[in-house]
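Just below is one structure, and these are the notes that go with it.
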Amino acid sequence: MAELGILGKVKYTEWAAPIVPVDKPDGSYRICGDYKVTINSVLKTKEHPLSTPQELFMKLNGGQKFTKLDMSNVYQQVVLDEGSRQLVCINTNLGLYRYIRHPFDVSSATAIFQENMEKILVGLEGAVCYVGDIIVTRRTGDEHKENLYKMLQRLADWGIRLRK
Numbered sequence: 001m002a003e004l005g006i007l008g009k010v011k012y013t014e015w016a017a018p019i020v021p022v023d024k025p026d027g028s029y030r031i032c033g034d035y036k037v038t039i040n041s042v043l044k045t046k047e048h049p050l051s052t053p054q055e056l057f058m059k060l061n062g063g064q065k066f067t068k069l070d071m072s073n074v075y076q077q078v079v080l081d082e083g084s085r086q087l088v089c090i091n092t093n094l095g096l097y098r099y100i101r102h103p104f105d106v107s108s109a110t111a112i113f114q115e116n117m118e119k120i121l122v123g124l125e126g127a128v129c130y131v132g133d134i135i136v137t138r139r140t141g142d143e144h145k146e147n148l149y150k151m152l153q154r155l156a157d158w159g160i161r162l163r164k
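Heads up, the sequence shown is in UniProt numbering, so the first residue is 1 and it goes up one at a time.
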């Protein structure tokens, strides 16, 4: 994660959380910080509601062709500012590290990510994001292909990566 620019080594921190390895369905694992013992208990969690299924279906209404795009490491695509990085440190057997990109397990992660994605998607019809998935649709195959191209271009412009 340090080689990928997700974590950076530090010598000192006031907010070191223990790590928790989480098994993933593909057999790999994700290193998470146990932030419930540090910042989650004092964090003013950002509120941003997730769309209801009815709201999502309304935005996709009329579509005949659909594509689902799966974002890779969704929260870690958000770069943290310097002040926030000081709060999301983890204590590992290799020393202290701080997140440069948003960790998964901070209580405000979903709200921050969802709000950012909704800003990115503004003006694109037939496209919705729900946490780590984007659904793109239109009525005809040609319209769908054009909308999908616009979506991929928008994601590339913002530096958002997708899972193959």
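Where a beta carbon is used, it is the ideal one built from N, C-alpha and C, also for glycine. Predicted model, so just to flag it, every value in this text is computed and none were measured.
Query raised in the report: What is the DSSP secondary structure of glycine 106, reduced to helix, strand or coil?
Result: According to the sequence shown, residue 106 is valine rather than glycine. The answer is coil: DSSP assigns valine 106 none of H, G, I, E or B.
Query raised in the report: Is glycine 95 helix, strand or coil by DSSP?
Result: strand
Query raised in the report: Is leucine 69 near aspartate 157, with beta carbons less than 8 Å apart?
Result: No, Cβ-Cβ distance for leucine 69 and aspartate 157 is not below 8 Å.
Query raised in the report: Where does leucine 69 sit, in a helix, a strand or coil, going by DSSP?
Result: Of the three classes helix, strand and coil, the one that applies to leucine 69 here is strand, per DSSP.
Query raised in the report: In whole angstroms, what separates the C-alpha of lysine 145 from that of lysine 65?
Result: 9 Å
Query raised in the report: Can we say the segment 136 to 150 touches the segment 76 to 91, given the rule of at least three CB pairs closer than 8 Å?
Result: no
Query raised in the report: In whole angstroms, what is the alpha-carbon distance linking glycine 33 and aspartate 26?
Result: 20 Å
**Report entry** Beta-carbon separation (whole angstroms), glutamine 86 vs threonine 13, contact threshold 8 Å
**Finding:** 7 Å
Query - Where isoleucine 6 sits in the DSSP three-state scheme - result: coil
Report task. Assuming isoleucine 31 contacts proline 21 (C-beta within less than 8 Å), just tell me the rounded distance between them. Result -> 6 Å
Query raised in the report: Per DSSP, which one or two residues make a beta bridge with proline 53?
Result: DSSP, once it has assigned bridges, lists no residue as partnering proline 53.
Query raised in the report: Grouping DSSP H, G and I as helix and E and B as strand, with all else coil, what is aspartate 81?
Result: coil
Query raised in the report: Once you ignore the five residues that flank leucine 96 on each side, which residues in its own chain have a CB closer than 8 Å to its CB?
Result: Lys9, Val10, Lys11, Tyr12, Thr13, Ala16, Cys89, Ile90
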